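In what follows, a single structure is set out as structure tokens and then discussed.
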């Protein structure tokens, strides 16, 4: 059991806090995107329930790029899905939200515009073979939750309704998301099946071959699918499991992951959940409402290589969108791996672009994963080991004291240590706990004097300081064998 602890760079630590990133937009975040513009600079855009905002690095602010009279009108269920497309030498950002006319922004003008050529309103968007695919259509000549429309070649402003309109109607579920599997292949996720679209080679007439890859429950929302490593997709499925799809068949990653999701997710509100992938750390962030919550307030960080799962939660924040982005806010010493002496270059040689996890709170603030608190609020943390009998199940032991290897903190930081004991096969029972201030003078010792066959160790804390745990040494005495 645990919450808000994880392993980073070989250390067991309380997860990073959340610090305000840029200015407050006062609009519920619905999606983030970052891309390199044709001028060589990064563009970072946040979609909200009302419109789009661009990030201005120099002033560390969000600037509204919503066209007057063309504000978005979606609900909390209409997430903003972005794609980046090259047209006539200009890198253009495209976006849909399942409610309004698809938008476009050239990265320079003051506001976004409606895409031209009468594209249908759509829930999903993807790029394949130099064309735009829109799916789950809400306007135009074919209104259907299982319909797909295709743009002209290299032009998102024309071709709609004339190139190829297809219906994936052999299963009853709606199209919920799309994600590219390469330049020519796209995965189309329905609520009850996965299809694959393959661009055909013949230039006239151009067509996509659409075939069903598998039946089974698809993702909970448009943003519940992420590009993972080595071309795979990772998605939070509607049966409260985490699955991967490689273009052939979906499969669950591991039983312990699915058990955790089923135990913690509020299935009635899972359709506002989302996930994203941190390529630098090989971590998948999975965020959703916990049991009893109507907004995303919990989830976990999954190391996709080791499948280590680290539960996370927020006490007051409700994160409705997020992404792993580069931020030009300056490199700090804490961003370096290893000791200062091990660095091969000067600090100035490392540049100022740092990858951060950016999360958007329901109220409109964006946050980055730095600091020791959640926007000034202490982080509620805990972890507990399993019960161990030390290889002697019948031997009773009395644990007298435990020496804890906490690095000393600069300011007061209380940690509660609880010892769980199990006696003769019964359920473990926790003691009242001992409080240690780890800003004091080491060694940090907790006194217990508990007798049992097996023991667990539980650490609880509301942290405002950087807390690490490097292990423990237990002093115990053997008792009789029963």
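Residue numbers (the working numbering): 3 to 484.
Note that beta-carbon positions come from the ideal geometry of N, C-alpha and C, so glycine has one too.
Fair warning: this is a prediction, and the values are worked out from it, not measured in the lab.
Legend entry - Cβ-based burial, residue 3 [other Cβ within 10 Å; buried from 16]: Per the 10 Å Cβ criterion, exposed.
Inset, instruction - Tell me, please, which residues DSSP counts as bridged to residue 456. - result: BP columns for residue 456 point to 424.
Legend entry - Per DSSP, cross-strand counterpart(s) of residue 485: Because the chain in this structure spans residues 3 to 484, residue 485 falls outside the shown range and cannot be described.
Inset, instruction - Alpha carbon to alpha carbon, how far is residue 57 from residue 278? Give it in angstroms, no decimals. - result: Rounded to the nearest angstrom, the two C-alpha atoms are 19 Å apart.
Legend entry - residue 394 classed as buried or exposed, judged by whether at least 16 other C-beta atoms fall within 10 angstroms: By the 10 Å Cβ count, residue 394 comes out exposed.
Inset, instruction - Could you check if residue 469 is buried or exposed, using at least 16 other CB atoms within 10 Å of its CB as the buried criterion? - result: Answer is buried; the Cβ neighbour count reaches 16.
Legend entry - Contact check, residue 276 vs residue 195, beta carbons under 8 Å: With respect to the 8 Å criterion, residue 276 and residue 195 are not classified as neighbours on the basis of their beta carbons.
Legend entry - Neighbour-count burial assignment, residue 240, 16 or more Cβ in a 10 Å radius: A residue is called buried once 16 or more other Cβ atoms fall within 10 Å of its Cβ, and residue 240 is buried on that count.
Inset, instruction - Starting from residue 486, trace the alpha helix (DSSP H) both ways and give me its first and last residue. - result: Look at the range of the chain in this structure, 3 to 484, and you will see that residue 486 is not part of it.
Inset, instruction - Put residue 49 into one of helix, strand or coil per three-state DSSP. - result: In the displayed model, residue 49 falls within a strand according to three-state DSSP.
Legend entry - Proximity winner among 77, 20, 29, 85, relative to residue 46 (alpha-carbon distances): Ranked by Cα distance from residue 46, the first of 77, 20, 29, 85 is 85.
Legend entry - Proximal residues to residue 339 (C-beta, below 8 Å), its chain only, five neighbours per side dropped: Its pLDDT being 49, under 50, residue 339 is placed unreliably by the model, and the measurement read from it follows with that caveat. 11.
Inset, instruction - May I ask you to report which of helix, strand or coil DSSP gives residue 351? - result: Legend: pLDDT at residue 351 = 47, less than 50; position of this residue unreliable, value from coordinates given subsequently. The three-state reading of DSSP puts residue 351 in helix, counting H, G and I together.
Inset, instruction - With distances taken Cα to Cα, identify the nearest neighbour of residue 324 among 481, 256, 313, 360. - result: Per the Cα distances, 360.
Inset, instruction - Look at residue 42 and residue 82 and say whether their C-beta atoms are less than 8 Å apart. - result: Contact flag unset, no.
Legend entry - Sequence-distant residues of the same chain with beta carbon closer than 8 Å to residue 318, five excluded per side: Around residue 318: 376, 377, 379.
Inset, instruction - Give the secondary structure of residue 429 by DSSP, where H, G and I count as helix, E and B as strand, and everything else as coil. - result: Three-state result, residue 429: coil.
Inset, instruction - Taking only the alpha-carbon atoms, compute the straight-line gap between residue 466 and residue 369 and give it to the nearest angstrom. - result: Cα to Cα, residue 466 sits roughly 17 Å from residue 369.
Inset, instruction - Output the boundary residues of the beta strand (DSSP E) element that contains residue 64. - result: In this chain, the beta strand (DSSP E) harbouring residue 64 covers 63-66.
Legend entry - Inter-residue spacing [alpha-carbon to alpha-carbon] between residue 18 and residue 301: So the two alpha carbons sit approximately 15 Å from each other.
Legend entry - Helix, strand or coil at residue 271 according to DSSP, with G and I counted as helix: If DSSP states are grouped into helix, strand and coil, residue 271 belongs with the helices.
Legend entry - Close beta carbons around residue 280, own chain, < 6 Å, minus the five adjacent residues each side: Cβ neighbours of residue 280 beyond the five flanking positions: 326.
Inset, instruction - Specify whether the region 139-153 and the region 164-180 touch according to this definition: at least 3 beta carbon pairs, one from each stretch, less than 8 Å apart. - result: Contact between the region 139-153 and the region 164-180 is present, because at least three Cβ pairs lie under 8 Å.
Inset, instruction - Please say whether residue 266 and residue 292 have beta carbons closer to each other than 8 Å? - result: In this structure, residue 292 places its C-beta atom within 8 Å of the C-beta atom of residue 266.
Legend entry - Residue burial classification, residue 444 (beta-carbon count within 10 angstroms, cutoff 16): Here residue 444 is exposed: its Cβ has fewer than 16 other Cβ atoms, across all protein chains shown, within 10 Å.
Inset, instruction - For the beta strand (DSSP E) containing residue 229, list its first residue and its last residue. - result: Residues 227-229.
Inset, instruction - Verify whether the separation of the beta carbon atoms of residue 389 and residue 435 is less than 8 Å. - result: Their beta carbons are not under 8 Å apart, which means residue 389 does not touch residue 435 by this criterion.
Legend entry - As assigned by DSSP and simplified to three states, the class of residue 232: Looking at residue 232 - three-state DSSP - the assignment turns out to be helix.
Legend entry - Residue from 202, 304, 192 whose Cα sits closest to the Cα of residue 252: The candidate whose alpha carbon is nearest that of residue 252 is 192.
Inset, instruction - Mark residue 235 as exposed unless 16 or more other C-beta atoms lie within 10 angstroms of its C-beta, in which case mark it buried. - result: By the neighbour-count criterion, in which a residue is buried when 16 or more other Cβ atoms sit within 10 angstroms of its Cβ, residue 235 is buried.
Inset, instruction - Could you tell me if the beta carbon of residue 44 falls within a distance shorter than 7 Å of some heavy atom in the ligand NAP? - result: Within the structure as shown, the ligand NAP is missing, as the structure has no ligands at all.
Legend entry - Cβ-based neighbour list, residue 272, same chain, cut-off 6 Å, excluding 5 preceding and 5 following: Here the set comprises 222, 290.
Inset, instruction - Name the one or two DSSP bridge partners that residue 120 has. - result: Residue 120 is bridged by DSSP to nothing; it lacks a bridge partner.
Legend entry - Cβ separation of residue 124 and residue 136, assumed to be a contact under 8 Å, to the nearest whole Å: Rounded, the Cβ-Cβ distance is 4 Å, consistent with contact.
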